[in-house]
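Trainee: Starting off with a structure, shown below.
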Amino acid sequence: MKLKYKIGGLFLLSTSISVGVFCLFFYYVIHIGYFGGITAEDMLHALETAGDQLEAAGGMAEDESYLTDFVNALDKQNHPMLFAVKCGEVCGAGADTPQIFERRELSEAANGRGEIAGTYKVRVLSGNVNGQEYDIVCYVNYNDYETISYAFNPLRGKGVLGKIALFGVGITVFIMMILLWLFGRKLVRRVTNMYQVMQELSMDHMDVRMEEKGNDELTVMAEGFNSMAEKLEKQYQEKAELEQKKRELVSIISHDLRTPLSSVMGYAEMLCDGIYESKEEQKQYADIIRRKSVYMEKLLTELLEYSRLEMGTMRLCREKTDLTELVREILIEYYPQIEKNGYELELKIPEYAICGEWDAQRIGRVIRNLIENALKYGMDGKKLTVSVKKEGELAVFGIRDYGRGVSKEELPYMTELFYRGDSARNSRAGGMGLGLYIAEEIIERHGGKFCIKSDRGWGFLVKIILPLTEKSLSQQVDSVV
1 MKLKYKIGGL FLLSTSISVG VFCLFFYYVI HIGYFGGITA EDMLHALETA
51 GDQLEAAGGM AEDESYLTDF VNALDKQNHP MLFAVKCGEV CGAGADTPQI
101 FERRELSEAA NGRGEIAGTY KVRVLSGNVN GQEYDIVCYV NYNDYETISY
151 AFNPLRGKGV LGKIALFGVG ITVFIMMILL WLFGRKLVRR VTNMYQVMQE
201 LSMDHMDVRM EEKGNDELTV MAEGFNSMAE KLEKQYQEKA ELEQKKRELV
251 SIISHDLRTP LSSVMGYAEM LCDGIYESKE EQKQYADIIR RKSVYMEKLL
301 TELLEYSRLE MGTMRLCREK TDLTELVREI LIEYYPQIEK NGYELELKIP
351 EYAICGEWDA QRIGRVIRNL IENALKYGMD GKKLTVSVKK EGELAVFGIR
401 DYGRGVSKEE LPYMTELFYR GDSARNSRAG GMGLGLYIAE EIIERHGGKF
451 CIKSDRGWGF LVKIILPLTE KSLSQQVDSV V
């Protein structure tokens, strides 16, 4: 329930309770005769007193002097004045209980309406006693000629309405203050708990959550806060993992660059000092320097690409590119190494061109990275299969080695940043865990799909699916996967 409805319900509850208390109080006031009415006890006492006074006065007189004496006698008792006269004789304390008329009837009689229920004749006597107006109302019953007189003292009812209204307002305010205090205390407790949780979160305690039940605004706010806290916790963990991976990257870079750099410096010094026995040995040293330099250039290129991806500054230079020709040119670079190691190369490349709008330099870098990975880690089976084909508006490049492969549990992590599989960690070839991550990012920025399939003993298959144009539909890519 929303807070505005709770507050409205609280107001209605306090009002209902106040009205109930007010009605009980009003009933009590009416019952004791304070509002100008008369109770049975007051009536009997007044009858007894009135009878004594009338006997002492010698009977009833219908003039102001009688009224004065009667009022002065009964005003000391602070009761409404009531007496009965039957057949001209005073009825004392032993008389039958006279009929009680409501104040409304007395008021109507005082206004001169005359008859009540057709069987009573009403006569009103008025007079001034001690500066106050008093009325004596006589009711004559036509059936038995019994007369009942009622004298009303207005001082008893003066200001009662204002007092009752003030009491009602006071009761309402008092009850509302109690209910508001109870409600406000619970509300303040909830807000205080929420503030404490926020303070905990600001102190990097990411596992804290608000425990709110219900459906009011505070509960909705708590749910939103918990959702935000979960996202912050996830980002915090990702940040911590990224920082850890960056530290690992620095360590890997330091190691992977220091080793070839030391070799380059050592062989360069030997060449400079003439420490070689033949031209063949000199050429061998130079070749080592070249290969180590190429390796370091590759590491630095991967770092540069990673930096561009992280900063969002990578821009694709799309141009018309023949994927078939691009793959052939790259394979020529690695053919001497393949032939030297006696690897079997199976090509499934068509004779026709498969052209698309791609960044040729970056697509070529992806293909080179995949071929190098296969030659480094997957040549236990001594075979490599490279394929290129066209399916509708899509170009598909595939490369498979027949080495040890990776487990299905390890497969989902192969394209994660800085992840190095068992083969890479145990291999002397090294690597920073950037190659497949960068390759997947480049392919996806072309609107394509980067797919990996592998299992222990089966080998390692990578499939690249590229739309021929930038306008190709993504669902076409998904249909090939």
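If you read the sequence shown in UniProt numbering, its first letter stands for residue 1, the second for the next number, and so on.
The C-beta atom is built at its ideal place from N, Cα and C for all residues, glycine as well.
Going by C-alpha to C-alpha distance, which of PRO412, PRO336, GLY447 and TYR413 sits closest to ASP359?
Mentor: On the sequence shown, position 359 is the one that residue 359 refers to. Taking only the C-alpha atoms, the option nearest ASP359 is GLY447.
Trainee: Could you name the residues of the same chain whose beta carbon sits closer than 6 Å to that of TRP458, not counting the 5 residues immediately before and after it, in chain order?
Mentor: Along the sequence shown, read from residue 1 onward, the residue named residue 458 stands at position 458. Counting only Cβ-Cβ distances below 6 Å, and skipping sequence neighbours, we find GLY405.
Trainee: Please list the terminal residues of the continuous beta strand (DSSP E) segment that includes LEU345.
Mentor: The residue given as residue 345 occupies position 345 in the sequence shown. Residues 344–348.
Trainee: Please go through the same chain and pick out, in chain order, the residues whose beta-carbon is closer than 6 Å to the beta-carbon of GLY9, but skip the five residues on each side of it.
Mentor: If you number the sequence shown from 1, residue 9 lands on position 9. So the list is empty, once near-sequence residues are dropped.
Trainee: Alpha carbon to alpha carbon, how far is SER251 from ILE465? Give it in angstroms, no decimals.
Mentor: Here residue 465 refers to the residue found at position 465 of the sequence shown. Here residue 251 refers to the residue found at position 251 of the sequence shown. Rounded to the nearest angstrom, the two C-alpha atoms are 34 Å apart.
Trainee: Looking only at its chain, what residues have a beta carbon closer than 6 Å to the beta carbon of MET194, apart from the 5 residues adjacent to it on each side?
Mentor: One-based indexing of the sequence shown puts residue 194 at position 194. Once the five neighbours on either side are set aside, the close Cβ partners of MET194 are MET210.
Trainee: Taking its Cβ as the centre, do 16 or more other Cβ atoms sit within 10 Å of CYS87, making it buried, or is it exposed?
Mentor: The residue given as residue 87 occupies position 87 in the sequence shown. Because CYS87 sits at a pLDDT of 30, beneath the cut-off of 50, its placement in the model cannot be relied upon, and the following sentence gives the value as read from the coordinates. So CYS87 counts as exposed.
Trainee: With H, G and I counted as helix, E and B as strand and the rest as coil, what does DSSP make of ARG400?
Mentor: Stepping through the sequence shown from its first residue, residue 400 is reached at position 400. The answer is strand: DSSP assigns ARG400 an E or B state.
Trainee: With distances taken Cα to Cα, identify the nearest neighbour of MET311 among LEU303, ALA374 and LYS383.
Mentor: For the purposes of this step, residue 311 is taken as the residue at position 311 of the sequence shown. Minimum Cα distance to MET311 is reached at LEU303.
Trainee: Would you list the one or two residues that DSSP bridges to ALA395?
Mentor: Indexing the sequence shown from 1 puts residue 395 at position 395. Answer by DSSP bridge pairing, in chain order: LYS390 and LEU466.
Trainee: Give the straight-line distance between the Cα atoms of ARG318 and SER263, rounded to the nearest whole angstrom.
Mentor: Residue numbering aside, residue 318 sits at position 318 when the sequence shown is read from its first letter. Residue numbering aside, residue 263 sits at position 263 when the sequence shown is read from its first letter. Between ARG318 and SER263, the C-alpha separation is close to 39 Å.
Trainee: What residue does the beta strand (DSSP E) around GLY356 start on, and which one ends it?
Mentor: Within the sequence shown, residue 356 is the residue found at index 356, counting from 1. Here the beta strand (DSSP E) through GLY356 covers 355–358.
Trainee: So ILE288 is in the alpha helix (DSSP H); what residue range does that whole segment cover?
Mentor: Along the sequence shown, read from residue 1 onward, the residue named residue 288 stands at position 288. Run containing ILE288: 279–311, per the alpha helix (DSSP H) assignment.
Trainee: So, at 6 Å on beta carbons, what are the nonlocal neighbours of GLU346 in its own chain, with the 5 sequence-adjacent residues on each side left out?
Mentor: On the sequence shown, residue 346 is found 346 positions in, with the first residue counted as 1. Correct list, in chain order: THR385.
Trainee: Can you name, in chain order, every residue of its own chain whose Cβ lies under 7 Å from the Cβ of GLU89, other than the five neighbours on each side?
Mentor: Walking along the sequence shown from the start, residue 89 turns up at place 89. For GLU89, the predicted structure reports a pLDDT of 34, less than 50, and the residue's modelled location is therefore unreliable. A value from the coordinates is still provided. The answer is none, since no qualifying residue turns up.
Trainee: Where does ILE275 fall in DSSP's three states?
Mentor: Taking the first residue of the sequence shown as 1, we reach residue 275 at position 275. It is coil, neither helix nor strand.
Trainee: Can you tell me where the alpha helix (DSSP H) with LYS340 in it begins and where it stops?
Mentor: As a working mapping, residue 340 is identified with position 340 in the sequence shown. Run containing LYS340: 323–340, per the alpha helix (DSSP H) assignment.
Trainee: Following the continuous beta strand (DSSP E) through SER454, name the residue where it begins and the one where it ends.
Mentor: Counted from its first residue, the sequence shown places residue 454 at position 454. Here the beta strand (DSSP E) through SER454 covers 449–455.
Trainee: For LEU411, collect the residues of the same chain with a Cβ closer than 7 Å to its Cβ; drop the 5 residues on either side in sequence, then sort them by chain order.
Mentor: By one-based count along the sequence shown, residue 411 stands at place 411. Excluding positions up to five away in sequence, the list reads ILE452 and SER454.
Trainee: From MET221 to LYS6, what does the alpha carbon distance come to, in whole angstroms?
Mentor: Counting from 1 along the sequence shown, the entry for residue 221 is found at position 221. Counting from 1 along the sequence shown, the entry for residue 6 is found at position 6. Those two C-alpha atoms are separated by around 17 Å.
Trainee: According to DSSP, is LYS320 helix, strand or coil?
Mentor: As a working note, residue 320 is residue 320 in the sequence shown. LYS320 falls in the strand class under three-state DSSP.
Trainee: Given GLU440, which residues of its chain have a CB within under 8 Å of its CB, disregarding the five upstream and five downstream residues?
Mentor: For the purposes of this step, residue 440 is identified with residue 440 of the sequence shown, where counting begins at 1. Only THR415 and PHE450 meet the Cβ criterion.
Trainee: Which value, in whole angstroms, describes the spacing of the CA atoms of PRO467 and ALA395?
Mentor: Counted from its first residue, the sequence shown places residue 467 at position 467. Counted from its first residue, the sequence shown places residue 395 at position 395. The alpha-carbon atoms of PRO467 and ALA395 are separated by roughly 6 Å.
Trainee: Quick one: Cα of VAL197 to Cα of ASP207, how far?
Mentor: Start at 1 with the first residue of the sequence shown, and residue 197 comes out as number 197. Start at 1 with the first residue of the sequence shown, and residue 207 comes out as number 207. Near 10 Å, if we compare the C-alpha coordinates of ASP207 and VAL197.
Trainee: Would you say CYS317 reaches chain E, if we count a Cβ-Cβ gap shorter than 8 Å as a contact?
Mentor: Of the protein chains in the structure, only one exists, and it is not chain E.
Trainee: Do you know offhand how far LEU436's Cα is from GLU238's?
Mentor: For this step, residue 436 is matched to residue 436 along the sequence shown. For this step, residue 238 is matched to residue 238 along the sequence shown. Distance between the alpha carbons of LEU436 and GLU238: 20 Å.
Trainee: Under three-state DSSP, which class holds LYS231?
Mentor: Position 231 of the sequence shown holds residue 231. It is helical.
Trainee: Within its chain, find whatever has a CB closer than 8 Å to the CB of PHE11; leave out the 5 residues flanking it on each side and keep chain order.
Mentor: Taking the sequence shown and counting its residues from 1, the one referred to as residue 11 is at position 11. The answer, listed in chain order, is MET176.
Trainee: Report all residues from its chain with a CB closer than 7 Å to the CB of GLY364; omit the five preceding and five following residues, and keep chain order.
Mentor: Walking along the sequence shown from the start, residue 364 turns up at place 364. Here the set comprises LEU326 and ILE330.
Trainee: Compute the distance between the beta-carbons of LEU461 and ARG368, then report whether it is under 8 Å.
Mentor: Mapped onto the sequence shown, residue 461 falls at position 461. Mapped onto the sequence shown, residue 368 falls at position 368. Their beta carbons are not under 8 Å apart, which means LEU461 does not touch ARG368 by this criterion.
Trainee: So what does DSSP say about PHE460, is it helix, strand or coil?
Mentor: Taking the first residue of the sequence shown as 1, we reach residue 460 at position 460. DSSP places PHE460 in strand when its eight states are reduced to three.
Trainee: Using DSSP's beta-bridge definition, name the partner residues of LYS213.
Mentor: On the sequence shown, residue 213 is found 213 positions in, with the first residue counted as 1. Answer is none; LYS213 lacks a bridge partner.
Trainee: Going straight from the alpha carbon of LEU323 to that of GLU200, what length do you get?
Mentor: Taking the sequence shown and counting its residues from 1, the one referred to as residue 323 is at position 323. Taking the sequence shown and counting its residues from 1, the one referred to as residue 200 is at position 200. Cα-Cα distance, rounded: 56 Å.
Trainee: Take the Cβ of GLY274 as the centre, count every other Cβ of all protein chains shown within 10 Å, and call the residue buried at 16 or more, exposed below.
Mentor: On the sequence shown, position 274 is the one that residue 274 refers to. Classification of GLY274: exposed, given that the 10 Å Cβ count is below 16.
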